[in-house]
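Read the structure below first, then the notes.
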Amino acid sequence: MNFQTSSHCQRWLFTPEALAHEREERHRRTTEALSQAQEQRLDRHAAAQDNTGQPAKKGKRIRPPSLAEEAVLLKYYKTKVQDMCRALGYPCKVQAAAIAFLSRFYIRHSPLEHDIKDTMLACLYLAGKVEEHYIGAEEMCRRLQQKEETLLNLEPQVLQGLGFDLIAHSAHSALAGFFMELKGEKQEDATSDPADQEMTEQQLSDARRAARAAADALLLTDAPLVFPPGQLGLAAMRSGFNKAKVSFSSILTHIARKAAASAGTSQDMVLGELKAAISSIDMFGAEGSQAVSSEEAKKIDRRMKACQGMLVKSAACLEKQSSFAEQQHSQDEAATKGAAAMEPPTKRQKIVEM
15 MNFQTSSHCQ RWLFTPEALA HEREERHRRT TEALSQAQEQ RLDRHAAAQD NTGQPAKKGK
75 RIRPPSLAEE AVLLKYYKTK VQDMCRALGY PCKVQAAAIA FLSRFYIRHS PLEHDIKDTM
135 LACLYLAGKV EEHYIGAEEM CRRLQQKEET LLNLEPQVLQ GLGFDLIAHS AHSALAGFFM
195 ELKGEKQEDA TSDPADQEMT EQQLSDARRA ARAAADALLL TDAPLVFPPG QLGLAAMRSG
255 FNKAKVSFSS ILTHIARKAA ASAGTSQDMV LGELKAAISS IDMFGAEGSQ AVSSEEAKKI
315 DRRMKACQGM LVKSAACLEK QSSFAEQQHS QDEAATKGAA AMEPPTKRQK IVEM
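Letter 24 of the sequence shown, counting from 1, is numbered 38 in my numbering, and no numbers are missing.
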């Protein structure tokens, strides 16, 4: 499938500024709803105190997690997806798809309204289906010690939240393609740098392992929402070669030459663009490699769940009020009709009856 014409490219790549704007708008809407819910709770609390004749106590307000704290919690649960994939024996492409779905879902949906832990499980389940490594809901939940009912109830919600778009190209696939091409080039003795021919199988294995780890780290960041998978794979490959202490310059030049020939542009221009993209991606990689404290994540999660509970209660109260209003309206209509039926007949009605 051509990436350039895919829905991944058309719908799920953003500039950093556009991505930040989407999240800020979403966070603003949700925190406004939370603020209203807190005001309603305080009003109910004050009314209850008035009914008892006791002085009203000041209710406690909950401070919602900031966007930065949301990002920390989301990253933490992305690492849990990676742990689950290892436990289930899933390949890299399932892990990449699950994390892609999770990242996409929370661009426009708030973790204040949708629990990340539950959504994460639904994303993993969908990724297994999409990438043809299906494990049934019952078996998956048994092995991960999760509730099957929660998973099955959330699956359609997550699908709808993703716009039923499950196309996800990954850096891992691009990375595998680059290494396969490198192997073919080495076998044909097609590279121009003799140093590349001196790379041992052990060095190549070390570079591949380190590159996969770099690709895993990038999944924990916004990089897959900003850069195409080919550039992510190339950045991960260079990181792996650097870790293995092997030169990458001739390989990058070779890839730039092929890309320039395919696009009909200057090799120097393509090479410059690739170097700039890789440098930017490296900063995301450094961010992704930093572990999230479990204690920090749990503190944020507790506040998140408190906010979720308040929004759920507020929605339930509004639904109850709406239901009561509809019921009252129906009763009023029935009473009006009953009263009309009991009115004495008009003069015209009497004449007709005679």
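Each residue gets a CB set at the ideal place from its N, CA and C atoms; glycine is no exception.
**Message:** As a quick exercise: from Lys89, Glu153, Gln160, Gln281, pick the residue whose alpha carbon is nearest that of Leu232.
**Reply:** Nearest C-alpha to Leu232: Lys89.
**Item:** Phe28, DSSP secondary structure in three states
**Value:** Note: Phe28 maps to coil in three-state DSSP.
**Message:** Using CA atoms only, rank isn't needed, just tell me which of Ser80, Asp296, Pro79 is closest to Ala225.
**Reply:** When Ser80, Asp296, Pro79 are compared, the shortest CA-CA separation from Ala225 is found for Asp296.
**Request:** Within its chain, find whatever has a CB closer than 8 Å to the CB of Leu239; leave out the 5 residues flanking it on each side and keep chain order.
**Result:** Excluding sequence positions up to five before and after Leu239, its CB lies within less than 8 Å of the CB of Trp26, Leu27, Phe28, Leu33, Ser117, Arg118, Ile121, all in the same chain and listed in chain order.
**Item:** Helix, strand or coil at Met283 [DSSP, three-state]
**Value:** Looking at Met283 - three-state DSSP - the assignment turns out to be helix.
**Asked** Taking DSSP as the reference, what is the three-state secondary structure of His128?
**Response** Per DSSP, reduced to three states, the secondary structure at His128 is coil, with no helix or strand assignment.
**Message:** Assuming contact is defined by CB atoms lying nearer than 8 Å, are Val86 and Ala111 in contact in what I supplied?
**Reply:** With respect to the 8 Å criterion, Val86 and Ala111 are not classified as neighbours on the basis of their beta carbons.
**Request:** Report buried or exposed for His35, applying the criterion of at least 16 other Cβ atoms within 10 angstroms of its Cβ.
**Result:** His35 is exposed by the Cβ-count criterion.
**Message:** To the nearest angstrom, how far is the alpha carbon of Leu196 from that of Val306?
**Reply:** Spanning the two alpha carbons is a distance of roughly 35 Å.
**Asked** With DSSP run on the structure shown, which of helix, strand or coil describes Ile314?
**Response** Ile314 falls in the helix class under three-state DSSP.
**Item:** alpha helix (DSSP H) runs wholly inside the stretch 108-188, at least 4 long, in chain order
**Value:** DSSP runs (the alpha helix (DSSP H)) wholly in the stretch 108-188: 130-144, 151-158, 162-175.
**Request:** Could you tell me whether the Cβ of Gln18 comes closer than 8 Å to any Cβ of chain B?
**Result:** Looking for chain B here will not work: only one protein chain is present.
**Asked** Grouping DSSP H, G and I as helix and E and B as strand, with all else coil, what is Pro243?
**Response** If DSSP states are grouped into helix, strand and coil, Pro243 belongs with the helices.
**Prompt:** In whole angstroms, what separates the C-alpha of Thr279 from that of His268?
**Reply:** Going from the Cα of Thr279 to the Cα of His268 covers about 14 Å.
**Item:** Presumed contact (8 Å Cβ cut-off) between Ala270 and Leu288, rounded CB distance
**Value:** Yes, they are in contact, since the Cβ atoms of Ala270 and Leu288 sit about 6 Å apart, within 8 Å.
**Item:** alpha helix (DSSP H) segment containing Ser307, residue limits
**Value:** Counting along the chain, no alpha helix (DSSP H) covers Ser307, and no H or E run does either.
**Asked** Expressed to the nearest angstrom, what Euclidean distance is found between the alpha-carbon atoms of Ser294 and Cys155?
**Response** Rounded to whole angstroms, Ser294 to Cys155 spans 38 Å at the Cα level.
**Message:** Along the chain, where does the alpha helix (DSSP H) containing Thr93 start, and where does it finish?
**Reply:** For Thr93, the enclosing alpha helix (DSSP H) covers residues 81-102.
**Request:** Give the DSSP-derived three-state secondary structure of Ser20 in the structure shown.
**Result:** Per DSSP, reduced to three states, the secondary structure at Ser20 is coil, with no helix or strand assignment.
**Item:** Beta-carbon proximity of Met318 to Leu165, cut-off 8 Å
**Value:** No, these two residues do not count as a Cβ contact at 8 Å.
**Request:** Return the chain-ordered ranges of every alpha helix (DSSP H) run that is complete within the stretch 248-296 and spans a minimum of 4 residues.
**Result:** Counting only unbroken stretches of 4 or more residues, the alpha helix (DSSP H) elements lying wholly within the stretch 248-296 are 263-277, in sequence order.
**Asked** Between Phe298 and Thr235, which are expected to be in contact by the criterion C-beta below 8 Å, what is the C-beta distance as a whole number of angstroms?
**Response** Right, the Cβ-Cβ distance comes to about 4 Å (below 8 Å), so this counts as a contact.
**Message:** Within 10 Å of its beta-carbon, does Asp230 have 16 or more other beta-carbons around it, so buried, or fewer, so exposed?
**Reply:** Asp230 comes out buried.
**Prompt:** According to the Cβ coordinates, are Ala221 and Phe255 closer than 8 Å?
**Reply:** Remark: C-beta atoms of Ala221 and Phe255 approach each other more closely than 8 Å.
**Item:** Of the listed residues Ile130, Met251, Cys23, Ala182, nearest to Ile292 (C-alpha basis)
**Value:** Measuring from the Cα of Ile292, the nearest candidate turns out to be Met251.
**Prompt:** Thinking C-alpha only, which one of Lys313, Lys107, Leu168 is nearest Leu135?
**Reply:** Closest in alpha carbon position to Leu135, among Lys313, Lys107, Leu168, is Leu168.
**Asked** Among Ala277, Ala228, Leu218, Ala227, which one has its Cα closest to the Cα of Ser261?
**Response** Minimum Cα distance to Ser261 is reached at Leu218.
**Asked** What residues in its chain sit with their C-beta under 7 Å from that of Glu162, if we drop five residues either side in the sequence?
**Response** So the qualifying residues of the chain are Ala151, Glu152, Cys155.
**Asked** How should Pro105 be labelled, buried or exposed, when 16 other C-beta atoms within 10 angstroms of its C-beta is the threshold for buried?
**Response** Exposed, since its Cβ has fewer than 16 Cβ neighbours within 10 Å.
**Prompt:** Does the beta-carbon of Met194 have 16 or more other beta-carbons within 10 angstroms, so that it is buried, or is it exposed?
**Reply:** Burial state of Met194 is exposed, judged by a 10 Å Cβ sphere holding fewer than 16 other Cβ atoms.
**Asked** Nearest to Asp379 by CA position, among Glu146, His147, Ile130, is which residue?
**Response** As shown, the chain starts at 15 and ends at 368. That puts residue 379 outside it, with no answer to give.
**Asked** Under a three-way DSSP split, which group does Thr44 fall into?
**Response** The DSSP-derived three-state label of Thr44 is helix.
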